[in-house]
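Residue numbers (the working numbering): 2 to 224. The block underneath contains the structure these notes are about, expressed in structure tokens.
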């Protein structure tokens, strides 16, 4: 369950927000995008989207005194990447015309793309800190495991169970070969996925900024 804790937390948050939103709709009405609640949803959602776009990328590039593990920052990235866009959808007041409609559609596409990336990410062998195991390091482990398996029986392990030690070495070799195959596949898939997900995320961010700018312009114009 710990592997998917960020998804569970995001689901709990979405359910809680939906219940509160539904209660407001039943008691009052669907909050207008330009009203106090609608604006609050939009601001909070955009803030979370901004955090999604920037914080994880900054942590990946941090060279000095990085705070927190990559795994923790990725979980935060996934959480804000789900909850933030959902708040933006609620902010739209279910009006999908013009730029607001395009923004909502792009939000759905980016979130769906994020789920695909989360699946690919789990296939990449990593350390306990969440750092990707490099192919060179994995190749060194593979070479050592192959040498161990290739040694004569007396040299593999110690008495009284050399046969068992040899079988353990073979299992270790098979596991390392599986990890190497998974790493190569995931590297190819992640490279392809990044060329899609990152531009989509940037486009969503630009559209959100344009939407905010247009909303502020028309609000000022109509005063």
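No residue lacks a Cβ here, since even glycine has one placed at the ideal position from N, Cα and C. These figures come from a predicted structure and were not determined experimentally.
* **Residue environment, residue 99, which counts as buried when at least 16 other CB atoms sit within 10 Å** => exposed
* Asked: Can you round the beta-carbon distance between residue 143 and residue 178 to whole angstroms, since I take them to be within the 8 Å contact cut?
  -> 7 Å
* So residue 81 packs on residue 107, CB below 8 Å; how close in whole Å? -> With a Cβ gap of about 17 Å, residue 81 and residue 107 do not count as contacting.
* Asked: Do you know how far the Cα of residue 209 is from the Cα of residue 16?
  -> 24 Å
* Relative to the C-alpha of residue 38, which residue among 75, 18, 172 and 79 is closest? -> 18
* With 16 as the cutoff for other CB atoms within 10 Å, does residue 105 come out buried or exposed? -> buried
* Could you pull the start and end residues of the alpha helix (DSSP H) that residue 99 belongs to? => 99-123
* For residue 69, name the three-state secondary structure that DSSP assigns. => coil
* Asked: Grouping DSSP H, G and I as helix and E and B as strand, with all else coil, what is residue 41?
  -> helix
* Drop a sphere of 10 angstroms on the beta-carbon of residue 57, count the other beta-carbons inside from all chains shown, and report buried for 16 or more, exposed for fewer. => buried
* To do: Check each candidate in 34, 180, 141 and 201 and name the one with the smallest Cα separation from residue 96.
  => 34
* Among 205, 23, 184 and 93, nearest to residue 36 - alpha-carbon criterion -> 93
* Going by alpha carbons, who is nearest to residue 79 out of 189, 112, 180 and 214? -> 112
* Asked: According to the neighbour-count rule (16 or more other Cβ atoms, all chains shown, within 10 Å of its Cβ), is residue 86 buried or exposed?
  -> buried
* For residue 226 versus residue 198, is the C-beta spacing smaller than 7 Å? -> Outside the displayed range of the chain (2 to 224) lies residue 226, so it cannot be described from this structure.
* Asked: residue 13 lies in the alpha helix (DSSP H); which residues open and close that run?
  -> 6-28
* To do: Tell me whether residue 186 sits in a helix, a strand or coil according to DSSP, three-state version.
  => helix
* **Whole-angstrom distance between residue 151 and residue 115, CA atom to CA atom** => 43 Å
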